[in-house]
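Shown next, in structure tokens, is the structure this report addresses.
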Amino acid sequence: MKELYKGKVKTVYDSGGGSAIIEFRDDITAGDGAKKETKSGKGSINAEISAKILNLLESSGVKTHFLEFIEPNKLSVKKVEIIPVEVILRNIATGSLVRRYPFREGQTFDPPIVEFGYKSDRYHDPMVNDDIAISLGLCSIEDLEYMKGVTLKINRLLKDFFEKKGIILVDFKLEFGRTDDGDIVLADEISPDTCRFWDKDTGDVMDKDRFRKDMGSVIEFYKEVRRRVLS
Ligand code: 5GP
3 MKELYKGKVK TVYDSGGGSA IIEFRDDITA GDGAKKETKS GKGSINAEIS AKILNLLESS
63 GVKTHFLEFI EPNKLSVKKV EIIPVEVILR NIATGSLVRR YPFREGQTFD PPIVEFGYKS
123 DRYHDPMVND DIAISLGLCS IEDLEYMKGV TLKINRLLKD FFEKKGIILV DFKLEFGRTD
183 DGDIVLADEI SPDTCRFWDK DTGDVMDKDR FRKDMGSVIE FYKEVRRRVL S
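Just so you know, the sequence shown maps onto residues 3 to 233 in the numbering used here.
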């Protein structure tokens, strides 16, 4: 299969007929790739979690790129052109939000905060407003509104889903892509790499912050997220 794109932790191949294969590698990175390691089994854990969640969203009426999980670490997906806008939703203040603004760590937001970022390692994914996104030619105002609406719906579905698994959905990052027909669908992955998850009872961090902050037991917690998501 022809390689279409090699990212920091995933490789995308053209599988023909308008579909693609995403291979989840065992790499883990932070700080736009400044910190990088390999953790055995991580690729398959994230692929399986993403498959389950994308499938769940699809069955709740969210259009996604997901077609099929290919064991152990690949997803078959619709081929899309990724819109270079990251959509970040925050239910609880932490991470870059409390570094950039005087929010209190752990403060909850109801309704949640939605931010747009320009997907660019070179510029470190800066937050953009609608005027900047449009002037950069990233997408249209209608696209931004559509992505925000879908993101809020995804949050309602996933907050509920994770709550039942004893997990608080703190925040997450989504990416969207355009199909050949011009439809915008949810793309990329939904995993402990792209979400913050806190254990409802213990407050344990169960996501990539364990790697970012050298907290240890990264794979053990990713496995625990997978166990609960699949249970
Ligand atoms: P923050 O802006 O606080 O660093 O991140 C907010 C949320 O979005 C977190 O769940 C984080 O994992 C996710 N996120 C933001 N930017 C990126 C990114 O470039 N890559 C990944 N994997 N996740 C991101």
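Virtual Cβ for every residue (Gly too), placed ideally from N, Cα, C.
(1) Going by beta carbon distance, what residues of the same chain come within less than 6 Å of residue 132, once the five residues before and after it are set aside?
(2) Quick check: does the Cβ of residue 98 come within less than 6 Å of any heavy atom belonging to ligand 1?
(3) Indicate whether residue 196 and residue 174 have their beta-carbon atoms separated by less than 7 Å.
(4) Looking at residue 28: is its Cβ nearer than 7 Å to the Cβ of residue 44?
(5) Which of the three DSSP states is assigned to residue 32 in this structure?
(6) If we count the other Cβ atoms within 10 Å of its Cβ and call it buried at 16 or more, is residue 103 buried or exposed?
(7) Could you name each continuous beta strand (DSSP E) segment of 3 residues or more that falls completely within the region 72 to 115, going from the start of the chain to the end?
(8) If you measure between the beta carbons of residue 214 and residue 172, is that distance less than 7 Å?
(9) Under 6 Å Cβ to Cβ from residue 291, same chain only, skipping five residues before and after it: list those, please.
(10) Should residue 169 go down as buried or exposed, given a rule of 16 or more other Cβ atoms within 10 Å for buried?
(11) Going by beta carbon distance, what residues of the same chain come within less than 7 Å of residue 126, once the five residues before and after it are set aside?
(12) Short check: CB of residue 91 to CB of residue 64, under 7 Å?
(13) Taking residue 24 and residue 12 to be in contact with their CB atoms under 8 Å, please state how far apart those CB atoms are, rounded to whole angstroms.
(14) Out of 80, 68, 62, 26, point me to the one whose CA is closest to residue 17's CA.
(15) So which of 96, 113, 114 has the shortest CA-CA distance to residue 106?
This is what the structure holds:
(1) Position 130 of the sequence shown, counted from the first residue, corresponds to residue 132. If we look at residue 132 and ignore the five residues flanking it on each side, its Cβ neighbours are 143, 146.
(2) Translated into the one-based positions of the sequence shown, residue 98 becomes position 96. Answer for residue 98: yes, Cβ within range of ligand 1.
(3) What you label residue 196 is simply residue 194 of the sequence shown in a count that begins at 1. What you label residue 174 is simply residue 172 of the sequence shown in a count that begins at 1. It is a contact, given that the beta carbons lie within the stated cut-off.
(4) Taking the sequence shown and counting its residues from 1, the one referred to as residue 28 is at position 26. Taking the sequence shown and counting its residues from 1, the one referred to as residue 44 is at position 42. Closer than 7 Å, so yes.
(5) The residue you call residue 32 lines up with position 30 of the sequence shown. Looking at residue 32 - three-state DSSP - the assignment turns out to be strand.
(6) As a position in the sequence shown, residue 103 is number 101, starting the count at 1. Counting Cβ neighbours within 10 Å, residue 103 comes out exposed, since fewer than 16 surround it.
(7) 76 to 80, 83 to 94
(8) The residue given as residue 214 occupies position 212 in the sequence shown. The residue given as residue 172 occupies position 170 in the sequence shown. Against a cut-off of 7 Å, the Cβ pair of residue 172 and residue 214 comes out as no contact.
(9) Because the chain spans 3 through 233 in this model, residue 291 falls outside it and cannot be assessed.
(10) For this step, residue 169 is matched to residue 167 along the sequence shown. Buried.
(11) Residue mapping note: residue 126 aligns to position 124 of the sequence shown, counting from 1. Here the set comprises 34.
(12) Stepping through the sequence shown from its first residue, residue 91 is reached at position 89. Stepping through the sequence shown from its first residue, residue 64 is reached at position 62. Cβ distance not < 7 Å, so residue 91 and residue 64 don't count as in contact.
(13) For the purposes of this step, residue 24 is taken as the residue at position 22 of the sequence shown. For the purposes of this step, residue 12 is taken as the residue at position 10 of the sequence shown. 5 Å between Cβ atoms; contact.
(14) One-based indexing of the sequence shown puts residue 17 at position 15. The shortest Cα separation from residue 17 among 80, 68, 62, 26 belongs to 80.
(15) Translated into positions along the sequence shown, residue 106 becomes position 104. Residue 106 has its Cα closest to that of 96, out of 96, 113, 114.
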